[in-house]
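*Asks:* Here it is, the structure, as structure tokens.
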Amino acid sequence: MKALSIHPAYALEILKGQKTEEYRTWSTNYRGDLLICATAKKTLGTISGHALCVVRLDAIRALNDGTYAWVLTNLRYLEPFKIKGKQRLYTIEDQMIQSALDKIDRENQSPQFEIVWERYYEQFLE
Numbered sequence: 077m078k079a080l081s082i083h084p085a086y087a088l089e090i091l092k093g094q095k096t097e098e099y100r101t102w103s104t105n106y107r108g109d110l111l112i113c114a115t116a117k118k119t120l121g122t123i124s125g126h127a128l129c130v131v132r133l134d135a136i137r138a139l140n141d142g143t144y145a146w147v148l149t150n151l152r153y154l155e156p157f158k159i160k161g162k163q164r165l166y167t168i169e170d171q172m173i174q175s176a177l178d179k180i181d182r183e184n185q186s187p188q189f190e191i192v193w194e195r196y197y198e199q200f201l202e
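Take 77 as the starting number for the sequence shown in my numbering and just add one per residue.
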């Protein structure tokens with residue numbers, strides 16, 4: 077699966093469903109599932125250096141200022157795992173991601189954010 081490293085504060089907003097667009101100075105032809113990873117930058121109140129969730133990259137809109145709005149939909153939680161981020165899009169083994177997704181699905185038939193947050197994410201806060 078393709079992955080994208082994002083500043084921890086913005087990655088957390090995506091995880092919480094508060095941010096549905098990511099702004100980049102570059103575009104890609106890729107559309108599909110995207111692993112959202114928080115960069116290793118330590119930021120108080122965020123999670124750094126971990127894969128946090130999967131979204132679907134549905135579209136990219138060119139903006140007037142020369143940047144691009146990446147439209148993110150279909151948020152799915154996963155059990156966070158440590159990851160070394162990279163620039164631009166990069167590939168992470170599907171097996172790592174699928175097992176992290178499956179763990180939440182098995183333990184939470186209909187996961188609500190608060191339950192998933194307390195069980196899986198809160199422990200990683202800086």
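No residue lacks a Cβ here, since even glycine has one placed at the ideal position from N, Cα and C. Keep in mind it's a predicted model, so treat the numbers as computed, not measured.
For E198 versus V147, is the C-beta distance shorter than 7 Å?
*Replies:* Not closer than 7 Å, so no.
*Asks:* Taking just the CA atoms, how far does L88 sit from Q188?
*Replies:* Answer to the nearest angstrom: the Cα atoms are 16 Å apart.
*Asks:* Closest to I173 by CA distance: which of E190, A145, A127, E194 is it?
*Replies:* Taking only the C-alpha atoms, the option nearest I173 is A127.
*Asks:* Cα separation between Y166 and L80?
*Replies:* Distance between the alpha carbons of Y166 and L80 is about 7 Å.
*Asks:* Between the stretch 100-108 and the stretch 133-143, are three or more C-beta pairs nearer than 8 Å?
*Replies:* Output reads yes: the stretch 133-143 touches the stretch 100-108.
*Asks:* Could you tell me which residues DSSP puts in a beta bridge with L114?
*Replies:* Leu is not the amino acid found at residue 114; the sequence shown has Ala there. Note: A114 sits in a beta bridge opposite I82.
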